[in-house]
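Worksheet for the structure shown next.
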């Protein structure tokens, strides 16, 4: 999954935590759906079976199929994050606390 980049562009009024929680939700959902097939050496799971397509057409069909299959999930994650910002803020704070505790534990182990 190292070759997949997740990016979000958000208005400043959204704040900082909501976009990061959104990205985390999207990344987890994407990995769950497509992770195994992307890790395998086979053809892309969303590519058409037509052997005659050139590279541009393959990439276009992958993008189109991905939008068709995963687009509704993106919309759902976006709507959820925008309608529950207080939950996103709590989740973001909790993750920051967990990261801080992990850092302290690693420091203690190294001593």
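Numbering (full-length UniProt numbering), first residue to last: 1 to 111.
Virtual Cβ for every residue (Gly too), placed ideally from N, Cα, C.
Note that this is a predicted model, so its numbers are computed, not measured.
Taking DSSP as the reference, what is the three-state secondary structure of residue i?
i	result
residue 41	Since pLDDT at residue 41 reaches only 47, below the 50 mark, its modelled position is unreliable, and the value read off the structure follows with that caveat. Three-state result, residue 41: coil.
residue 68	helix
residue 84	coil
residue 18	helix
residue 3	coil
residue 121	In the structure as shown, the chain begins at 1 and stops at 111. Residue 121 is therefore absent and cannot be evaluated.
residue 107	helix
residue 96	helix
residue 11	coil
residue 26	helix
Can a CB atom of chain C be found closer than 9 Å to the CB of residue i?
i	result
residue 25	The question asks about chain C, but that chain is absent: this structure has only one protein chain.
Return the chain-ordered list of same chain residues with a C-beta closer than 7 Å to the C-beta of residue i, the five sequence neighbours on each side being excluded.
i	result
residue 17	88, 89, 92
residue 73	29
residue 26	6, 74, 77
Mind checking whether residue i and residue j have CB atoms under 9 Å apart?
i	j	result
residue 6	residue 78	no
residue 95	residue 24	yes
Can you check which of these residues, the options, is closest to residue i by C-alpha distance?
i	options	result
residue 65	34, 15, 14, 8	34
residue 70	31, 13, 10, 12	31
residue 80	102, 101, 19	19
residue 10	99, 82, 108	82
To which residues of the same chain is residue i closer than 8 Å at the C-beta, ignoring the five residues directly before and after it?
i	result
residue 84	none
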